[in-house]
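Numbering (my numbering), first residue to last: 7 to 127. C-beta: ideal position from N, C-alpha, C; glycine also. Reviewing the structure listed below.
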Amino acid sequence: MAKTEVELVDGLKLDGEPQRHAVLREPTAGDVIEANAEAEKMVPTPDGYQLLVSPTMVGAIVLGKQVVSIGEIPGPLSLRQVKMLSPTDYQRLQFKAQALESASAEVAQRGRDDAGGAPAE
């Protein structure tokens, strides 16, 4: 499973000391499934109660699950811990997570492209 690292600006505090070195891994299907389930919320509507899922919450939960560690703080991060990040650090983690997912998708696509579509010469 691919990993990437990023230095946070503000970090998360552990015993009063900011932890800034973050390690992320690529998400699994299980991470996405669990995040969707955790983000579900029953809300009243004119047609009765409906189950809604917030894409913002799903993204935050998946990001927390992708965190291997931030300094001495082990991952995954809880949603409460993700919410404690500064906006700058949250954006840095999101950017690195998206880059990691894009790189994984490119490798997978390259494997498909190389798998036999070209005619032999």
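Buried or exposed by the 16-neighbour rule on C-beta atoms within 10 Å, applied to residue i
i: D37; result: buried
i: D21; result: exposed
i: I39; result: exposed
Inter-residue Cα distance where the pair is residue i and residue j
i: K102; j: V73; result: 11 Å
i: K19; j: Q25; result: 6 Å
i: G17; j: V68; result: 19 Å
i: K9; j: V29; result: 7 Å
i: D95; j: E78; result: 16 Å
i: S107; j: E32; result: Reading the sequence as shown, one finds Glu at residue 107 and not Ser. So the two alpha carbons sit approximately 6 Å from each other.
Contacts around residue i, its chain only, beta-carbon distance under 7 Å, and the 5 residues preceding and following it disregarded
i: A66; result: L85 and V88
i: M48; result: Y55 and L57
i: E13; result: R26 and H27
Three-state class that DSSP yields for residue i in the structure shown
i: L83; result: coil
i: T34; result: coil
i: S60; result: coil
i: L99; result: helix
i: S92; result: coil
i: E23; result: strand
i: G77; result: coil
i: A28; result: strand
Beta-carbon contacts of residue i that lie in its chain and below 6 Å, excluding the five residues immediately before and after
i: S60; result: A45
i: E11; result: V29
i: S75; result: V29 and G81
i: S92; result: D16
Nonlocal neighbours in the same chain, by C-beta distance under 8 Å from residue i, ignoring five residues either side
i: Q100; result: G65 and L69
i: N42; result: V59 and V64
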